[in-house]
Amino acid sequence: MAWMTSTGCFDEVLTRGVSGDVYNLADCILQQAVVGSGANTLFLSYLKHSLCAHLISHAAVLKRIAKFEHLDRYHCMGELLDFLEQIIGGVTCRGKQEEGALTKAMLALVYWLMQIYEHALEVFSENNRALNSEQQLMVEKLGLVVEKLAQSQFLLGVVYVGKFEDPELYGLLVKKYELIDNLTAASGFVPPVVSQKNVTINDYLRKAALIDSDTLEMKEFDGRGIEPITYCLQPLIAIEILFNPNCDTQTYVAEFMSIQRLKGYTLSRLYCEIIRACLISLNNVNGTTRESFICAFTFIKVPHILRQIHMQSRLLNPTEYEETAKLDYSPEIVEAFELLLQDSPILDLMDARCACNTVECLLNEMLKNHLINEKQMKMIAARREQDTTGLQKLELNTNQHSIVKFVFRAEPPLVGILKTLGSDYNKVQEALLGMLLQVLSGNSFELILSVATVQGKLKTFISGLIKCNEASKQIPGEMGKVALARAALFDVSFLMLSFIVQSYGSEVVLAENGDSFFEKWVRECLVEKHKSKSPAVMVKLCDQNKVDELIVSLNSPEGLKGSSLKWHEICANIPGLLYQVLMAWENETLSTPEIKKFLDSLKSRFCCFSVCATSWLCAYMQVVRQDELLKPMNMVQQFLTAVSADELMQQENFKERLGLTVQIVRKMQQDFQRLPGTSPKLRTMLQSQNLVSQNPLEEQFEEVWKNVSERGWLPIDSTLVLENLLQSCGPFWLVDKLVQQIFHCKYIREMNKTMDIVFAIMHLDIERCTIALLSQLVPMMLLNKLQLSEIVDPFSRVLAKLCVYCIVATMEAPTGPLSKKRSRAAIDGDDLLADGLCPTPKMRKMGSDSCDSSSSDFMLEHAAAAAAAVAFATKEAASGGVSLREPLQGCLQTLFRTFAQYIVSDELSPKIYFMFQFLSLLVEVGRERVKPVLKLIPNGLVQSMLKINATDDMTVGFILRLYDLNATTGRTFAMSDLCLFRNIQMRKDSIKL
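Under full-length UniProt numbering, the first residue of the sequence shown is numbered 1, with each subsequent residue one higher.
So this is what it looks like as structure tokens:
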């Protein structure tokens with residue numbers, strides 16, 4: 001081998017190696033470099049020269065060094081470590097083949113370095129805990145190499161890719177580190193400090209061995225700072241309870257957990273913000289018809305929601321909550337109340353408005369749901385008492401009614417009604433009628449519905465009412481008191497069900513295969529907002545013979561009393577009847593007094609006839625000309641006129657039914673009557689009822705936004721206006737107006753506040769609004785086709801965050817069993833039990849404890865099953881198991897292609913920086929959940945962006961988070977981008993030098 005000592009011969013070897021395999025060349029050189037007891041520095045210098053001249057790859061050299069097994073040849077080891085320390089900072093790749101080899105080579109090198117350290121520890125233990133000078137020097141040099149490796153984000157990134165490329169070798173590496181950790185502790189070896197920050201060699205080895213995505217640095221655009229005030233939860237809750245009142249607990253849990261992950265909240269912060277948002281919304285509806293529902297939601301539903309979040313968090317993260325698992329309360333709930341007590345102004349206000357101790361009422365419900373114990377409850381209540389000691393005690397008016405107490409008092413009657421509805425109809429007819437008529441007094445029906453909804457008993461209530469209505473159909477020949485009770489039950493159950501449909505939507509009432517009379521009538525004849533029905537089709541469904549008989553009966557002195565038609569047959573044929581009457585009035589065959597008498601005769605027999613008639617008239621008014629609206633509108637108005645005292649005396653309990661009828665008819669009138677453009681009289685009448693706003697759409701939006709921005713939360717009335725604007729103008733118009741408000745802000749804090757509110761408002765229809773934002777608004781802004789400020793930082797960062805929030809929210813929007821659009825058979829909290837999901841024995845035991853409220857019995861019985869089901873869905877969401885559905889998938893593909901079209905030069909523009917911010921926030925905020933989105937990024941887009949934007953903002957952590965490293969293609973593209981980024985940075989550094 002002496003011939004290889006000459007430079008000429010060595011050049012000949014290099015020439016042969018370049019034309020052959022670089023790995024053979026590396027083997028050849030390194031074999032000669034470490035022959036004998038010492039290393040040949042000449043060969044090592046030639047090897048370094050070869051690396052600088054790109055005659056040989058770093059991957060080949062590192063892989064060959066990692067094969068050196070003579071760890072006891074300390075001089076050679078020292079020279080190799082010196083060589084590594086010199087070249088490790090310049091490791092890179094110059095070709096595709098090298099990129100694929102470097103990952104395994106780096107992994108093998110780290111393993112080899114650990115072997116060296118392990119050998120030194122074993123020698124230390126065997127030699128009476130001492131190392132000689134050569135061994136000590138070798139450990140010091142090892143520390144320098146490990147330090148440079150651990151401080152290089154590029155090298156750590158390569159090791160991270162290698163973790164997925166060769167999981168077997170990485171497993172050996174982790175085991176080797178664990179062995180080193182144990183040897184260090186057992187031998188008493190003090191790891192040398194290898195930096196000025198008191199970091200030891202063990203710390204650096206741990207960083208390389210236990211590497212994960214968080215180890216790799218990435219610039220955070222979101223910041224994840226603690227927000228002093230949260231602006232997104234209250235609008236979100238206001239929208240959900242207003243437009244999805246029958247939304248089940250699992251859906252709320254999924255949405256709140258999604259917000260928690262997006263905002264980075266702790267559980268205690270999330271709990272506090274949910275309660276605070278509900279109290280703000282409750283204050284907003286004080287004294288209105290929605291007060292009972294929002295009150296029931298706040299004090300009955302929310303504790304159950306928090307319980308499921310509490311249970312789900314422990315199912316998803318058992319190790320994190322292992323220490324608190326044995327506690328009989330939730331520490332997060334206690335901390336949440338401590339945060340809530342800091343907001344004393346809203347608590348003082350709600351105590352006055354609700355005429356009760358708000359905190360105490362909430363604590364009682366938390367106690368029933370086993371979220372706190374009595375000790376914690378007394379402690380928090382005492383804290384609240386201390387906060388109000390310095391204030392003058394509020395002398396509550398004894399005449400002031402507490403809506404909270406009314407809500408809790410509605411629970412026992414609901415239990416009684418459900419029990420009676422489930423009994424034999426023939427045995428409880430009179431008792432049931434008395435209960436239902438009693439419910440119609442005042443706002444009792446609204447209270448009963450509110451409690452039934454939040455307790456998950458609405459399905460049972462509706463099923464019982466449908467069963468009652470079906471069993472109350474007329475029986476020919478039945479006379480006397482029994483017949484009157486049957487008629488009243490048919491009428492009142494029909495009215496109650498109609499009111500429920502108006503409040504919650506027909507999906508709540510309609511079962512999949514429901515064939516009852518009321519369900520058929522809803523499908524065929526009941527008009528609903530945003531669900532048009534043809535009045536002509538309704539008429540065609542009528543039986544002409546029965547329509548003729550109806551006309552004859554109404555014209556007779558006895559009216560409908562003498563008709564042989566059954567009650568439900570009259571309801572079904574009213575459209576045909578009214579059509580003929582209306583045509584006769586139009587043709588002047590019937591006079592106005594005759595029409596009035598005709599309608600009075602119809603409404604005086606049954607209240608449900610007025611509802612059926614109004615439904616057809618409202619459908620008819622949607623399809624006729626403006627100049628043909630007067631007569632049908634007057635007919636509807638006739639159903640709202642007062643009934644004479646004689647008529648009230650003729651029928652028992654008619655007054656209670658009439659009150660509910662007026663509510664139903666007026667709601668239809670408000671939802672479906674159009675504003676005529678010609679008749680001042682009609683316009684004045686409708687304006688007095690506040691049916692339609694006369695302001696232009698732009699002014700309506702500006703007025704709403706002024707209210708929202710001044711308050712920092714979304715009033716219920718504003719929510720209704722925004723929903724109408726969405727339906728009238730479409731999602732693009734509304735999203736455009738909302739995003740404009742972000743660009744009108746002057747300060748970053750104001751921008752983030754506005755962005756949160758905008759994001760929550762888009763939940764009016766999160767999917768359609770997201771599609772409008774990504775497929776229309778953002779591309780148009782990139783083309784400068786909108787009258788907005790240029791997309792520059794910080795506007796671009798806030799806009800990018802809004803886009804990411806919307807993408808994640810749309811991906812995690814409930815589908816299937818968690819969908820908001822649910823049938824009557826699947827809207828309750830107990831529907832999971834039908835799928836075989838039963839509570840665990842431990843939770844059954846917890847649920848068996850005595851509680852003061854029937855609601856907590858129901859909730860505790862099914863809490864574990866519901867939490868387990870929704871935990872599975874949320875775990876998939878958090879771990880990237882969320883599927884990407886159309887149309888969002890196609891929209892994102894188009895958006896990424898649009899991004900690629902703008903990267904056509906080497907100039908860094910604000911638009912390109914916005915794209916970078918968008919991708920950065922996507923991986924920063926979305927984390928594992930957005931993997932399906934990242935897969936849609938076109939090949940080459942990131943590399944093109946790297947060439948333009950290889951600044952300090954671009955990091956190794958960002959690049960690697962963009963790819964699925966479990967896939968071969970993902971690792972290939974990741975290494976390609978990583979090496980390109982490395983070479984660009986090295987080029988910049990060399991220019992600086």
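Just so it is clear, CB atoms sit at the ideal spot from N, CA and C, and this is done for glycine as well.
Going straight from the alpha carbon of GLY416 to that of MET583, what length do you get? Here residue 416 refers to the residue found at position 416 when the sequence shown is read from its first residue. Here residue 583 refers to the residue found at position 583 when the sequence shown is read from its first residue. Between GLY416 and MET583, the C-alpha separation is close to 48 Å.
In terms of residue numbering, what span does the alpha helix (DSSP H) encompassing TYR329 cover? For the purposes of this step, residue 329 is taken as the residue at position 329 of the sequence shown. Segment: none, TYR329 is in no alpha helix (DSSP H) and carries neither H nor E.
Compute the beta-carbon to beta-carbon distance between ASN573 and CYS525, rounded to the nearest angstrom, for a pair I have assumed lies under 8 Å. Translated into the one-based positions of the sequence shown, residue 573 becomes position 573. Translated into the one-based positions of the sequence shown, residue 525 becomes position 525. Actually they do not touch by this definition, with Cβ atoms about 10 Å apart.
Any chance you could list the alpha helix (DSSP H) runs of at least 4 consecutive residues sitting entirely within the region 123-193, in chain order? Entirely contained in the region 123-193, the alpha helix (DSSP H) runs reaching 4 residues are, in chain order, 133-151, 153-165 and 167-187.
Would you identify the three-state DSSP class for THR103, choosing helix, strand or coil? As a working mapping, residue 103 is identified with position 103 in the sequence shown. THR103 falls in the helix class under three-state DSSP.
In terms of alpha-carbon separation, which member of GLN727, PRO779 and LYS801 lies closest to THR754? For the purposes of this step, residue 754 is taken as residue 754 along the sequence shown, with counting starting at 1. When only C-alpha atoms are compared, the closest one is LYS801.
At 4 residues or longer, what runs of the alpha helix (DSSP H) sit wholly inside the region 36-102? DSSP runs (the alpha helix (DSSP H)) wholly in the region 36-102: 41-52, 58-65 and 74-87.
What whole-angstrom Cβ distance do GLN580 and VAL527 have, given they're in contact under 8 Å? Taking the sequence shown and counting its residues from 1, one reaches residue 580 at position 580. Taking the sequence shown and counting its residues from 1, one reaches residue 527 at position 527. Incorrect: roughly 20 Å between the Cβ atoms, too far for contact.
Taking the C-alpha atoms as reference points, what is the distance between LEU316 and GLN260? Locating residue 316 in the sequence shown gives position 316, where the first residue counts as 1. Locating residue 260 in the sequence shown gives position 260, where the first residue counts as 1. Those two C-alpha atoms are separated by around 14 Å.
Locate the alpha helix (DSSP H) running through HIS304, then write down its first and last residues. Counted from its first residue, the sequence shown places residue 304 at position 304. Segment 302-316, the alpha helix (DSSP H) holding HIS304.
From which residue to which residue does the alpha helix (DSSP H) around HIS568 run? Counting from 1 along the sequence shown, the entry for residue 568 is found at position 568. From DSSP, the alpha helix (DSSP H) with HIS568 extends over 567-586.
Supposed contact pair MET945 and ILE912 - C-beta distance, whole angstroms, cut 8 Å: For the purposes of this step, residue 912 is taken as residue 912 along the sequence shown, with counting starting at 1. For the purposes of this step, residue 945 is taken as residue 945 along the sequence shown, with counting starting at 1. Confirmed, Cβ separation roughly 7 Å.
Cα-Cα, which of SER450, SER344, PRO345 and PRO331 is closest to PHE299? Here the question's residue 299 lines up with position 299 in the sequence shown. The residue among SER450, SER344, PRO345 and PRO331 with its C-alpha nearest the C-alpha of PHE299 is SER450.
Per DSSP, which residues does GLU656 bridge with? Please list them. To locate residue 656, count along the sequence shown from 1; it is residue 656. Partner residues in a beta bridge of GLU656, as assigned by DSSP, do not exist.
Tell me, to the nearest whole angstrom, how far the beta carbon of GLU165 is from that of THR103; I am working on the premise that it is less than 8 Å. Within the sequence shown, residue 165 is the residue found at index 165, counting from 1. Within the sequence shown, residue 103 is the residue found at index 103, counting from 1. Confirmed, Cβ separation roughly 5 Å.
Since LEU447 and CYS608 should fall inside the 8 Å C-beta cutoff, what is the C-beta to C-beta distance between them, to a whole number of angstroms? Taking the sequence shown and counting its residues from 1, the one referred to as residue 447 is at position 447. Taking the sequence shown and counting its residues from 1, the one referred to as residue 608 is at position 608. The Cβ separation is near 23 Å, so there is no contact.
Which runs of the alpha helix (DSSP H) spanning at least 4 residues fall entirely within the region 229-284, listed in chain order? As far as the region 229-284 is concerned, its whole alpha helix (DSSP H) runs of at least 4 residues are 233-243, 249-263 and 267-284.
Candidates GLU512, LYS481, CYS468 and ALA485, of which the one nearest LEU497 by Cα: The residue labelled residue 497 in the question sits at position 497 within the sequence shown. For LEU497, the closest alpha carbon among the candidates GLU512, LYS481, CYS468 and ALA485 is that of CYS468.
Test item: CB-CB of ALA59 and GLU118 under 8 Å: Translated into the one-based positions of the sequence shown, residue 59 becomes position 59. Translated into the one-based positions of the sequence shown, residue 118 becomes position 118. In this structure, GLU118 does not lie closer than 8 Å to ALA59 by Cβ.
Taking 8 Å as the threshold, find out whether the region 506-521 comes into contact with the region 591-607 through three or more Cβ pairs. Fewer than three beta-carbon pairs drawn from the region 506-521 and the region 591-607 are found closer than 8 Å, and the two stretches are therefore not classed as touching.
Three or more C-beta pairs under 8 Å: does that hold for the region 450-462 against the region 426-442? Put simply, the region 450-462 does not touch the region 426-442. Fewer than three CB pairs are less than 8 Å apart.
Straight-line Cα distance separating SER564 from SER556: Start at 1 with the first residue of the sequence shown, and residue 556 comes out as number 556. Start at 1 with the first residue of the sequence shown, and residue 564 comes out as number 564. Linking SER556 to SER564 through their CA atoms gives a straight-line distance of about 13 Å.
Using the C-alpha atoms, what's the distance from ILE475 back to MET257? Looking up residue 257 in the sequence shown gives position 257. Looking up residue 475 in the sequence shown gives position 475. Computed Cα separation, rounded: 53 Å.
Quick check: the region 354-372 against the region 299-309, are at least 3 beta-carbon pairs closer than 8 Å? Touching, yes, given that three or more Cβ pairs across the two stretches are closer than 8 Å.
Proximity below 8 Å, CB of LEU941 to CB of PHE896: Taking the sequence shown and counting its residues from 1, the one referred to as residue 941 is at position 941. Taking the sequence shown and counting its residues from 1, the one referred to as residue 896 is at position 896. With respect to the 8 Å criterion, LEU941 and PHE896 are classified as neighbours on the basis of their beta carbons.
Taking the alpha-carbon positions, what's the THR266 to CYS232 distance? For the purposes of this step, residue 266 is taken as the residue at position 266 of the sequence shown. For the purposes of this step, residue 232 is taken as the residue at position 232 of the sequence shown. Note on geometry: alpha-carbon atoms of THR266 and CYS232 lie some 16 Å from one another.
Closest by CA to SER619, which one among ARG605, VAL643 and VAL665? For this step, residue 619 is matched to residue 619 along the sequence shown. In the sequence on display, residue 619 carries Ala and not Ser. Per the C-alpha coordinates, the member of ARG605, VAL643 and VAL665 positioned closest to ALA619 is VAL665.
Note down, in chain order, each residue of its chain lying with its Cβ closer than 7 Å to the Cβ of LYS207, except the 5 sequence neighbours on either side. The residue you call residue 207 lines up with position 207 of the sequence shown. In the same chain as LYS207, and ignoring 5 residues on each side of it, the C-beta atoms closer than 7 Å to its own belong to ALA150 and THR215, in chain order.
Per DSSP, which one or two residues make a beta bridge with LYS531? Reading the sequence shown from its first residue, position 531 is the one you call residue 531. LYS531 pairs with GLU528.
Mind reading off the beta-carbon distance from PHE445 to ILE380? Whole number of angstroms is fine, and I expect it under 8 Å. Your numbering for residue 445 matches position 445 in the sequence shown. Your numbering for residue 380 matches position 380 in the sequence shown. Contact between PHE445 and ILE380 is ruled out by a C-beta separation of about 35 Å, above the 8 Å threshold.
Give me the Cα-Cα distance between LEU51 and VAL61, rounded to the nearest whole angstrom. Taking the sequence shown and counting its residues from 1, one reaches residue 51 at position 51. Taking the sequence shown and counting its residues from 1, one reaches residue 61 at position 61. Straight-line Cα distance between these residues: approximately 9 Å.
Using only alpha-carbon positions, find the residue among ALA772, GLU702, ILE237 and SER709 that is nearest to GLY730. As a first step, residue 730 must be located in the sequence shown, where it is residue number 730. Looking at the Cα atoms, ALA772 is the closest of the given residues.
For PRO932 and LYS737, what's the separation of their Cα atoms in angstroms? Numbered from 1 along the sequence shown, position 932 holds the residue referred to as residue 932. Numbered from 1 along the sequence shown, position 737 holds the residue referred to as residue 737. Cα-Cα distance, rounded: 30 Å.
As assigned by DSSP and simplified to three states, the class of THR289: Locating residue 289 in the sequence shown gives position 289, where the first residue counts as 1. If DSSP states are grouped into helix, strand and coil, THR289 belongs with coil.
Spatial neighbours of VAL407 within its chain, please: C-beta separation below 8 Å, excluding the five flanking residues on both sides. Walking along the sequence shown from the start, residue 407 turns up at place 407. Non-local beta-carbon contacts of VAL407 in its own chain, meaning distances under 8 Å to residues more than five positions away in sequence, involve SER292, CYS295, ALA296, PHE299, ILE300, LEU447, SER450 and VAL451 in chain order.
Secondary structure at THR215, three-state DSSP: helix, strand or coil? Walking along the sequence shown from the start, residue 215 turns up at place 215. Here THR215 sits in helix by DSSP.
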